[in-house]
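Sequence lines, in order, name chains A and B. What the first sequence shows, in this note's numbering, is residues 508 to 912, in sequence order. What the second sequence shows, in this note's numbering, is residues 508 to 912, in sequence order. Even for Gly, the Cβ is constructed at its ideal location relative to N, Cα and C. These figures come from a predicted structure and were not determined experimentally. Everything below concerns the one structure shown next.
2 protein chains.
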Amino acid sequence: MTDTDIAGGKLVRTQGVTAPLGYRAAGIAAGIKANGKLDLALVFNEGPDYAAAGVFTRNKVKAAPVLWSQQVLTSGRLRAVILNSGGANACTGPGGFQDTHATAEELAKALSNWGTETGAGEIAVCSTGLIGDRLPMDKLLPGVTEIVHEMAGGLSGGTDAAHAIMTTDTVPKQAAFHHADKWNVGAMAKGAGMLAPSLATMLVVVTTDAAATPQQLDTALRNATRLTFDRLDVDGSCSTNDTVLLLANGASGVTPSQEELDAAVLAVCDDLAAQLMADAEGVTKRVEITVTGAVSEDEALTAARAVARDSLVKTAFFGSDPNWGRVLAAVGIAPIELDPDRVTVSFNGNPVCVNGTGAPGAREVDLSGPDIAVLVELGLGEGTATVRTTDLSHGYVEENSAYSS
Amino acid sequence: MTDTDIAGGKLVRTQGVTAPLGYRAAGIAAGIKANGKLDLALVFNEGPDYAAAGVFTRNKVKAAPVLWSQQVLTSGRLRAVILNSGGANACTGPGGFQDTHATAEELAKALSNWGTETGAGEIAVCSTGLIGDRLPMDKLLPGVTEIVHEMAGGLSGGTDAAHAIMTTDTVPKQAAFHHADKWNVGAMAKGAGMLAPSLATMLVVVTTDAAATPQQLDTALRNATRLTFDRLDVDGSCSTNDTVLLLANGASGVTPSQEELDAAVLAVCDDLAAQLMADAEGVTKRVEITVTGAVSEDEALTAARAVARDSLVKTAFFGSDPNWGRVLAAVGIAPIELDPDRVTVSFNGNPVCVNGTGAPGAREVDLSGPDIAVLVELGLGEGTATVRTTDLSHGYVEENSAYSS
Numbered sequence: 508m509t510d511t512d513i514a515g516g517k518l519v520r521t522q523g524v525t526a527p528l529g530y531r532a533a534g535i536a537a538g539i540k541a542n543g544k545l546d547l548a549l550v551f552n553e554g555p556d557y558a559a560a561g562v563f564t565r566n567k568v569k570a571a572p573v574l575w576s577q578q579v580l581t582s583g584r585l586r587a588v589i590l591n592s593g594g595a596n597a598c599t600g601p602g603g604f605q606d607t608h609a610t611a612e613e614l615a616k617a618l619s620n621w622g623t624e625t626g627a628g629e630i631a632v633c634s635t636g637l638i639g640d641r642l643p644m645d646k647l648l649p650g651v652t653e654i655v656h657e658m659a660g661g662l663s664g665g666t667d668a669a670h671a672i673m674t675t676d677t678v679p680k681q682a683a684f685h686h687a688d689k690w691n692v693g694a695m696a697k698g699a700g701m702l703a704p705s706l707a708t709m710l711v712v713v714t715t716d717a718a719a720t721p722q723q724l725d726t727a728l729r730n731a732t733r734l735t736f737d738r739l740d741v742d743g744s745c746s747t748n749d750t751v752l753l754l755a756n757g758a759s760g761v762t763p764s765q766e767e768l769d770a771a772v773l774a775v776c777d778d779l780a781a782q783l784m785a786d787a788e789g790v791t792k793r794v795e796i797t798v799t800g801a802v803s804e805d806e807a808l809t810a811a812r813a814v815a816r817d818s819l820v821k822t823a824f825f826g827s828d829p830n831w832g833r834v835l836a837a838v839g840i841a842p843i844e845l846d847p848d849r850v851t852v853s854f855n856g857n858p859v860c861v862n863g864t865g866a867p868g869a870r871e872v873d874l875s876g877p878d879i880a881v882l883v884e885l886g887l888g889e890g891t892a893t894v895r896t897t898d899l900s901h902g903y904v905e906e907n908s909a910y911s912s
Numbered sequence: 508m509t510d511t512d513i514a515g516g517k518l519v520r521t522q523g524v525t526a527p528l529g530y531r532a533a534g535i536a537a538g539i540k541a542n543g544k545l546d547l548a549l550v551f552n553e554g555p556d557y558a559a560a561g562v563f564t565r566n567k568v569k570a571a572p573v574l575w576s577q578q579v580l581t582s583g584r585l586r587a588v589i590l591n592s593g594g595a596n597a598c599t600g601p602g603g604f605q606d607t608h609a610t611a612e613e614l615a616k617a618l619s620n621w622g623t624e625t626g627a628g629e630i631a632v633c634s635t636g637l638i639g640d641r642l643p644m645d646k647l648l649p650g651v652t653e654i655v656h657e658m659a660g661g662l663s664g665g666t667d668a669a670h671a672i673m674t675t676d677t678v679p680k681q682a683a684f685h686h687a688d689k690w691n692v693g694a695m696a697k698g699a700g701m702l703a704p705s706l707a708t709m710l711v712v713v714t715t716d717a718a719a720t721p722q723q724l725d726t727a728l729r730n731a732t733r734l735t736f737d738r739l740d741v742d743g744s745c746s747t748n749d750t751v752l753l754l755a756n757g758a759s760g761v762t763p764s765q766e767e768l769d770a771a772v773l774a775v776c777d778d779l780a781a782q783l784m785a786d787a788e789g790v791t792k793r794v795e796i797t798v799t800g801a802v803s804e805d806e807a808l809t810a811a812r813a814v815a816r817d818s819l820v821k822t823a824f825f826g827s828d829p830n831w832g833r834v835l836a837a838v839g840i841a842p843i844e845l846d847p848d849r850v851t852v853s854f855n856g857n858p859v860c861v862n863g864t865g866a867p868g869a870r871e872v873d874l875s876g877p878d879i880a881v882l883v884e885l886g887l888g889e890g891t892a893t894v895r896t897t898d899l900s901h902g903y904v905e906e907n908s909a910y911s912s
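Next up, the structure:
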């Protein structure tokens, strides 16, 4: 992707969380992953402000780091985020929560020793990996001290951090937005499977050098996640660890309006969501399901999600098969207002079903390319929504049938 | 399977719809399928009674034969059922409905010519196959006359009929129940994919020589489908054509109690549901998800279905991987009352998660066999339910990525 002009600025993918002023980051191999790859990341906010907001998984089974970070975020203030791959620290009981707490305490101590007085209550913790195993704290805790030294040495650790949070991701995901008025937003994300209804399974850290209150950040972040990560549905599975954080330090000296902040955060999150879709487990097709003409936006979203989650639709797309009847069957079971005789469907702009009946040439529509745009027109109202998904491929089955073993 | 003693009688799989007295059936190759296989089936009730009940798909997009048969069933009376494979006649517009109507008229004429005065309004029509194409009526209509002649020649066409309704099924599915009091129930079913929430994608015809009113049949059929086909969920997809019919002719002279009828119909449907699971597209594992301790049966069913539909759980089972964290993640996103710290999970009787935390040895549980029983204990109440499903395999992807083309 080349740079994109958007929302009064420019969007790039070559930089991440350290693109804004006043942030440092690092990524190291602490030995949490058995294969020796990078597995520990740190994002550090140098100030002067420490405003922050977070959005977390809606799964009732929440990992220890989610429970911890939710509690920390009630203050609306964050100095640092420490993230590990190689283990989700979910379903690990009280011992797992103590491990998260100990990680935050260790980082607070290391940062304080480095000269930045920090409390554990100013530190968010994120984990990703297999559910159910305790983290190797004998590796993790020394890694926390090491990564502070690493970060201290330079300002360019954003890309290392983006690498260190990867699990089955094949590429790191970063995006940065440079506003014409000299303030910036940067972000990194991970997530390749268990991507679903409310927040893809993923960790996202967004930084900005704009000045903003925690409440403004919360508004911008909820607006952005609702329209981007919440509408990315690879396999209908929703993780125990999903976390999206937004930090603002005011280092640019600029205080954008709420609308400007919303637009910038949305632009960065939207780009990351597209990157997550493109790198989803086993993906061979990038699929966008758009539903229009529903009686409300909520119903449009429900219908789009029903199609996006339908295994028969997804396997057909893997086979480049314009089997539009499966789209109708999926829409028909969605709990929405529907008149089957008004439904019109097109694939990549080619009508395949008009008013509930097959269109001439529908079986010959060419879906062999990597992108499939599905448009479902319900013809009832003004509600519109788009969900990003992927096909269901042999690669998905392969990757997910051999993940923990 | 050997004969099973159950509900005051005996269950066998060697007979189907012609097991009860007073039914004839046939299956022929009418040329609807391009490959020349059997594709047209007839079940004919010789009387003396013609009581009947039906349960149909909850999909809002209903195939023409579903709309027709629902209308016919309002009379509580059926003389015959004509079923075709090789085309669903769904999303085919007014022309498709006229094709269904013409099929019933043609059969009424052929049966009347054979000496049994019959009206089109006493005939149910079922279709299965690809959605969206019109049926080849130039083949189907002559087939209707031919199949009446075929049926006239003998009493043993039940197995041919069971073959003729197959699509991606690899084996015909039949079951019969012989009550000790000399009345009988017989049935056939098809369905291998698009098996989901409310009725698997399937056609089922159940016959009995017991005497019963349409209302009694309706009660027995709704009770049975609720507990069997409605709890079979292979891929979360719900068809446009699902139809389950129950016919009673009183030929045995026996009038069982409602309880006896309920038990017999349930036994036959339960056995057919097990057969459908075992022959589902791409199946390598037969999986039963049981949830206990929910606050209600509805919530237990919701939780069991959430696990049964989770692609990550299903791919793990394909890999014989005891990845119990995915079960917890799936339960955690179900819209039910849940205390994550009370959830206990076992695989084939081996505890893998106790009170929300991994059990020792959980990663070593052997799931290499063809049957996997998952027990999820929520510890909150008395609600219990079981859902049958399968793994998500390469075979499933292969079969469904190449179905229409």
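I believe residue i touches residue j by the beta-carbon criterion, under 8 Å. Please report the beta-carbon distance rounded to the nearest angstrom.
| i | j | result |
| --- | --- | --- |
| A:Ser592 | A:Thr674 | 5 Å |
| A:Phe563 | A:Val550 | At roughly 17 Å, the Cβ-Cβ gap does not stay under 8 Å, so A:Phe563 and A:Val550 are not in contact. |
| A:Ala587 | A:Leu545 | The Cβ separation is near 18 Å, so there is no contact. |
| A:Thr851 | B:Thr599 | Not confirmed; about 15 Å, so no contact. |
| B:Thr750 | B:Val524 | In fact, because the Cβ distance is near 14 Å, the residues do not count as touching under 8 Å. |
| A:Ala780 | A:Leu739 | 5 Å |
| A:Glu889 | A:Ile843 | A:Glu889 to A:Ile843, Cβ: 14 Å. No contact. |
If you check the beta carbons only, do residue i and residue j fall under 8 Å apart?
| i | j | result |
| --- | --- | --- |
| A:Val790 | A:Val814 | no |
| B:Gly636 | B:Ala571 | no |
| B:His670 | B:Gly534 | yes |
| B:Ala548 | B:Ala560 | no |
| B:Ala801 | B:Ala810 | yes |
| A:Gly628 | A:Ser576 | no |
| B:Lys646 | B:Ile539 | yes |
| A:Gly693 | A:Gly664 | no |
| B:Arg849 | B:Leu887 | yes |
| A:Gly516 | A:His686 | yes |
| A:Leu585 | A:Leu752 | yes |
| A:Asn855 | A:Ile840 | no |
| A:Met644 | A:Asp606 | yes |
| A:Asp778 | A:Leu518 | yes |
Cβ of residue i less than 8 Å from any chain A Cβ?
| i | result |
| --- | --- |
| B:Ser908 | yes |
| B:His670 | no |
| B:Ser900 | yes |
| B:Asp749 | no |
| B:Gly639 | yes |
| B:Lys567 | yes |
Residue i CB to nearest chain B CB: under 8 Å?
| i | result |
| --- | --- |
| A:Pro847 | yes |
| A:Asp805 | no |
| A:Lys697 | no |
| A:Val904 | yes |
Could you please give me the residues that DSSP links to residue i through a beta bridge?
| i | result |
| --- | --- |
| B:Arg733 | Answer by DSSP bridge pairing: none, since B:Arg733 is not bridged. |
| B:Val713 | B:Ala694 and B:Leu753 |
| A:Asp512 | A:Lys517 |
| A:Thr607 | Paired residue(s): none; A:Thr607 is not in a bridge. |
*Of the residues that make up the stretch 853 to 874 of chain A, which ones have a beta carbon closer than 9 Å to any beta carbon in chain B?*
Val859, Cys860, Asn862, Gly863, Thr864, Gly865, Ala869 and Arg870
*Between the stretch 584 to 612 of chain A and chain B, which residues of the former have CB atoms less than 9 Å from a CB of the latter, in chain order?*
Ala595, Ala597, Cys598, Thr599, Gly600, Pro601, Gly602 and Gly603
*What residues from the stretch 821 to 841 of chain A come within 9 Å of chain B, judged by C-beta to C-beta, listed N to C?*
Lys821, Thr822, Ala823, Phe824, Phe825, Gly826, Ser827, Asp828, Pro829, Asn830, Trp831, Gly832, Arg833, Leu835, Ala836, Ala837, Val838, Gly839, Ile840 and Ala841
_Using a Cβ-Cβ cutoff of 9 Å, what residues of the stretch 875 to 900 of chain B are near chain A? List them in chain order._
Asp898, Leu899 and Ser900
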